[in-house]
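Down below is the structure, laid out as structure tokens.
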Amino acid sequence: MTDLDRKLRLETYRLSNLLRKPSCKIKRWACLLWGVLRARVIWELCKETFSEWYRDNVPRLAAVLSFYTIFSMAPTLIIVLALAASVVGESTARAEVMARIRYFIGPEAARAILAASEKARTEFSGLDATVISLTTLLFGATAVFAELQNALNTVWNVKLKPGLGWNAVIRTRLLSFAMVLGIGFLLLLSVIASATLSALSSFFRESLAVPPIVLQTVNFAVSFGLITVLFAMTYKVLPDAQIQWGDVGVGAAMTSLLFTTGKSLIGAYVGRSSLGSVYGAAGTFVIILLWVYYSAQVFLLGAEFTQVYARKYGSRIEPTENAVRDPLGSLNP
37 MTDLDRKLRL ETYRLSNLLR KPSCKIKRWA CLLWGVLRAR VIWELCKETF
87 SEWYRDNVPR LAAVLSFYTI FSMAPTLIIV LALAASVVGE STARAEVMAR
137 IRYFIGPEAA RAILAASEKA RTEFSGLDAT VISLTTLLFG ATAVFAELQN
187 ALNTVWNVKL KPGLGWNAVI RTRLLSFAMV LGIGFLLLLS VIASATLSAL
237 SSFFRESLAV PPIVLQTVNF AVSFGLITVL FAMTYKVLPD AQIQWGDVGV
287 GAAMTSLLFT TGKSLIGAYV GRSSLGSVYG AAGTFVIILL WVYYSAQVFL
337 LGAEFTQVYA RKYGSRIEPT ENAVRDPLGS LNP
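In structure tokens form, the structure reads like this:
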């Protein structure tokens, strides 16, 4: 028997004697009880989240949201690219958008989306001096966020007060356009972060010989953080409800985790399936639709989780001054 074996046996014997003491037994049972309680809380959260998901008919809401998203992609990209290009240049902005979309849905679908936005921009360029073209562009870009607000109001169990008229419509569109600007700002941050990480990666590889896995982890953390911020902004700003940042932060982090995990699962499914041979030329469109529908489902599931968490353990949810509680909702525990 080596000296190391003797030391290991001695430490094991000391630890076993320590755990036999009454105080350690109490701590052990307390830790076990705390673990059971935490597991029960998580189980109750998940169970009620899926109950709310079923009650609000989230699959239908996700389908409607996917429809608006498909038709809003091109005008939204036009505005976002224009905002980012005004700061970092058109080629850099396009490359970053292409990289982000390719990261989630693959190169084929990314090229199709950018081609659609390029075609739409070409068609609008001849009418850029008219009010009609600008109105159409803004209406198309904000339509998905207006529908997203309706879906979140359903999840948050609130609705606009009757009789608000055009004031509510204009407010919704302005808020939706603000979200488009917010996406453009986050894209700009993403470009800056990518450039910074690229420079740091080259420096660390040459000077400190940092393993590539570390740099990849940092890049993933930055992307995860930006997605979480985007989800938190949407949960906080869009619905006609008052909810604290701490509550939306928990839900946004959980949604980001599901979103990034699902990206890999959808990528694996698309890689193994034969969508191209089954749907032919429409295969790329089916991939985009599949990704959009999954994203809508995950986003609304995260909203349900946020609503349940805020109602049971957070700051609770109250309607804004222009909204009321939905009589069919379940804001009160």
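Position one of the sequence shown corresponds to residue 37 (the numbering used here), numbered consecutively onward.
Glycine is no exception: its CB is placed at the ideal position from the N, C-alpha and C atoms.
Here G338 is buried, its C-beta having at least 16 other C-beta atoms within 10 Å. Going by C-alpha positions, A277 is about 30 Å away from I114.
Separation of V77 and E340 (C-alpha to C-alpha, rounded to the nearest whole angstrom) is 16 Å. The three-state secondary structure of Q278, taken from DSSP, is strand. When the five nearest sequence neighbours on each side are left out, the beta carbons in the same chain lying within less than 7 Å of the beta carbon of L336 are those of V94, L97, A98, A187 and V191, in order along the chain.
Closest in C-alpha terms to R136, from the list V273, V334, T342 and F256, comes F256. DSSP lists V194 as the bridge partner or partners of R361. For the pair E183 and V100, the CB atoms are nearer than the 8 Å cut-off.
For T356, there is no enclosing alpha helix (DSSP H), as DSSP gives it neither H nor E. Between T270 and R147, the alpha-carbon positions lie close to 27 Å from each other.
Note that the segment 319-332 does not touch the segment 79-87; fewer than 3 beta-carbon pairs, one per stretch, sit closer than 8 Å. Within the same chain, V180 and V328 come within 6 Å of T105 by CB-CB distance, once the 5 residues on both sides are set aside. DSSP, read as helix, strand or coil, puts Y330 in helix.
Three or more beta-carbon pairs separated by less than 8 Å link the segment 286-304 to the segment 258-265, which places the two stretches in contact. I324 and P198 have their C-alpha atoms roughly 37 Å apart. Straight across, the Cα-Cα distance linking S153 with M109 is about 7 Å. Apart from sequence neighbours up to five positions away, the residues of its chain that approach M134 with a beta-carbon distance below 7 Å are A146 and L150, ordered along the chain. S102 is positioned such that its CB atom lies no closer than 8 Å to that of A359.
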